[in-house]
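Residue numbers (the numbering used here), protein chains in the order written: chain L, 12 to 263; chain G, 12 to 263. We put the beta carbon where it would ideally sit given N, CA and C, even for glycine. Keep in mind it's a predicted model, so treat the numbers as computed, not measured.
Number of protein chains: 2
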Amino acid sequence: MPNPLSKANLQKKNATQPKAQFGRAAILLAAVKLAALKGLANISLGDLAAEIGMSKSGLYAHFETREELEAAIVETAITILDQEVLQPAFKARPGIERLRVVTNAFLSYLERKVFPRGCFIAAVSLELESRPGAACDLVAGALDQWVALLRQCIVEGQDLGEITPNIEVTQVVFEIQAMLFTSNFLFVMSDNVVQLTQARAGVENVVTRIAIGSDPKKNRSKKNERRSGPRRKAAPPALIDAVVASRGITPD
Amino acid sequence: MPNPLSKANLQKKNATQPKAQFGRAAILLAAVKLAALKGLANISLGDLAAEIGMSKSGLYAHFETREELEAAIVETAITILDQEVLQPAFKARPGIERLRVVTNAFLSYLERKVFPRGCFIAAVSLELESRPGAACDLVAGALDQWVALLRQCIVEGQDLGEITPNIEVTQVVFEIQAMLFTSNFLFVMSDNVVQLTQARAGVENVVTRIAIGSDPKKNRSKKNERRSGPRRKAAPPALIDAVVASRGITPD
DNA sequence: AAATAGCACGAACGGTCGTTCTTTTAATTT
DNA sequence: AAATTAAAAGAACGACCGTTCGTGCTATTT
């Protein structure tokens, strides 16, 4: 029933506007970026809508509720982390080699600022720990996957004879995680790549301690120049920005 | 000009209520606890007022604005951290001994849950990093103090001949900080004291690597049974709860 | 050509937020 | 005893929040 007297009809505009046409993916990428900057709980639908240039109510064509949006944001971020860090690790050779690949992949992912404020999962995990729901379950699963990958590297190294069987694997995993996790924190706080280098050296110190057949006296600086070397090129632009730009969205 | 017809007069209650009488300190302790649970930016004046049983407007007798309240909260938390961790460290003997004391003090401060969700400074530092102001400056100063203390321990150890002069002090500080910081994160996430033990072992592994005159072959499990032992007693109740209770405030 | 379905809009809702103002009460000072 | 002061209450404000609703475009399907 078309009503020619409706308010909307009275204020009809030229009707030649581009009518942007957003998709779930474009919204989610902007939302992930915003959530990384301000925290998952601190994004408002108004801010998000303004960021991508659409109205608040328009968002409800894609997400039934705010909670569903948050879960979708976390899911998107986990997918990015998976592509950036976990997948490259799974493609690498087992053992210490894989450990070095995951280390470099994670630090590169920090250096390139795939997320504007460090690892997204680390940023939201503390916040979500006290707020159960779908989003919380997703990050818990991602954290489990992450720890399992590190543990797998150590056990593989033991099976291959690279690593002493006489260690507490859990302790080693803790120390490696400590290097990477703290690197994330300090790099965000200081924006100084030295924090990334120190994490690399810290992991290497742990590896030296548990490795078999490496002279424990003085081989603490080189030794990984070719295997994990090709990853040290000029950093491409941050993933989120790249994808968002490719869709013609101007975030700011 | 007493107005006997005022609304307030009409709903006058028995007027024998205790009229609690709060002070800045009592308000701040409850506020610190609330901020530790929900994040500094996520406390509302209404929640805080309800928590301590007074009205929102009553808070404005003590704090001119919300920002001032936030700064005061951070200042209070820093004072607690200082008393719990830094002061005991400064009283200890220099060098490795002091490093062990600060390590144990920090882990004990986590275990006793002085703050309900781990180290308050660590929790709010990321949040404040993107929100300049008085509160941000305070945590930045506290972090600097913390790093300076760890560095001081290492340098002292070198001067005393306990630690090899042939190391990069900054790298060692990074690794020690990594153990403690990650312990904080994982302990909050899992509520499992194993994370504290692993941090202690991790620090000890670093110390073993840089120490002079310690047999690097097999002394990786005991060796700190007496020096840092006396601190492993039954944990007293959390500081905040204790102080709040002593003032007769029932938080929940 | 007509009907349908998916996006996106503006307006409005009830609720909560930080803040201000006025008033009452209790304690202290004069 | 009167005056002053500080602590706290209570009501109200404008702004913003998530959400709903009715409507209008535009492209696809019938």
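In the structure shown, the three-state DSSP call for Ile-107/G is helix.
By the Cβ neighbour-count rule, Ser-119/L is buried, with 16 or more other Cβ atoms within 10 Å of its own. DSSP places Ala-145/L within a helical segment (H, G or I) once states are collapsed to three. Take the alpha-carbon of Glu-186/L and the one of Gly-50/G: they are about 27 Å apart. The distance from the Cβ of Phe-192/L to that of Thr-193/G is about 5 Å, consistent with a contact at the 8 Å cut-off.
Neighbours of Asn-115/G across chain L, judged by C-beta separation under 7 Å, do not exist; the nearest C-beta is about 17 Å away. Fully contained in the stretch 137 to 203 of chain L are the following alpha helix (DSSP H) runs of length 4 or more, in chain order: 145 to 170 and 180 to 201. Note that the C-beta distance between Phe-117/L and Val-150/L is not below 7 Å. At a C-beta separation below 8 Å, Met-65/L has no neighbours in chain G, since its nearest C-beta there lies roughly 25 Å away. Interface flag for Phe-185/L against chain G is set, since a Cβ pair is found closer than 7 Å. Annotation: Thr-87/L has no Cβ neighbours in chain G at a cutoff of 7 Å; minimum Cβ distance is about 21 Å. The Cβ neighbour count for Thr-90/L, taken over all protein chains shown within 10 Å, is under 16; the residue is labelled exposed.
Of the residues Gly-224/L, Asn-216/L and Leu-197/L, the one whose Cα lies closest to the Cα of Pro-176/L is Gly-224/L. With a cutoff of 7 Å on beta-carbon distance, Ala-82/G and Ala-146/G are scored as near each other.
Taking 7 Å as the CB threshold, Glu-140/L lines the interface with chain G.
Here DSSP, grouped into helix, strand and coil, assigns Gly-129/L to strand. Contact between Ile-132/L and Ala-159/L is absent: CB atoms are separated by about 14 Å, not below the 8 Å threshold. One Cα belongs to Gly-34/L, the other to Ala-60/L, and the distance between them is close to 13 Å. Against chain G, the beta carbon of Ser-136/L has neighbours under 9 Å at Phe-196 and Met-200, listed in chain order. The C-beta distance from Gly-106/L to Leu-171/L rounds to 5 Å, short enough to fall under 8 Å. Within chain L, the residues whose beta carbon sits less than 8 Å from that of Gly-213/G are Gln-182, Phe-185, Glu-186 and Ala-189, listed in sequence order.
With distances taken between CA atoms, Thr-87/L lies nearest to Ile-38/L out of Leu-161/L, Ile-38/L, Thr-114/L and Ala-72/L. When Cβ-Cβ separations below 7 Å define contact, Thr-175/G makes no contact with chain L. As DSSP reads the structure, Ala-52/G sits in no beta bridge. A distance below 6 Å between beta-carbons, with the five flanking residues on each side excluded, links Thr-181/L to no residue of its chain. Looking at Leu-40/G, Tyr-71/G, Asn-115/G and Glu-173/G, the one whose alpha-carbon comes closest to that of Ile-63/G is Leu-40/G. Not flagged as an interface residue toward chain L: Gln-156/G, since no C-beta distance is shorter than 7 Å. Among the residues of chain G, those whose CB is under 8 Å from the CB of Leu-48/L are Ser-141, following chain order.
Close partners of Ala-72/L in chain G (Cβ separation under 7 Å) are lacking, with about 29 Å as the shortest Cβ gap. Inclusion of Ile-84/G and Ala-52/G in the CB contact set at 7 Å is not warranted, their separation being larger than that value. Closer than 7 Å to the CB of Phe-192/G there is at least one CB belonging to chain L. Of the other Cβ atoms in all chains shown, 16 or more fall within 10 Å of the Cβ of Ser-136/G; this residue is therefore buried.
Relative to Ile-178/L, the option among Phe-196/G, Gly-213/G, Asp-155/G and Gly-168/G whose CA is nearest is Gly-213/G. Around the beta carbon of Gln-209/G, a 10 Å sphere encloses 16 or more other beta carbons of the protein chains shown; the residue is thus reported as buried.
Residues of chain G with a Cβ closer than 8 Å to the Cβ of Arg-220/L are, in chain order, Asn-216 and Arg-220. Gln-209/L belongs to the set of residues whose beta carbon lies under 7 Å from a beta carbon in chain G.
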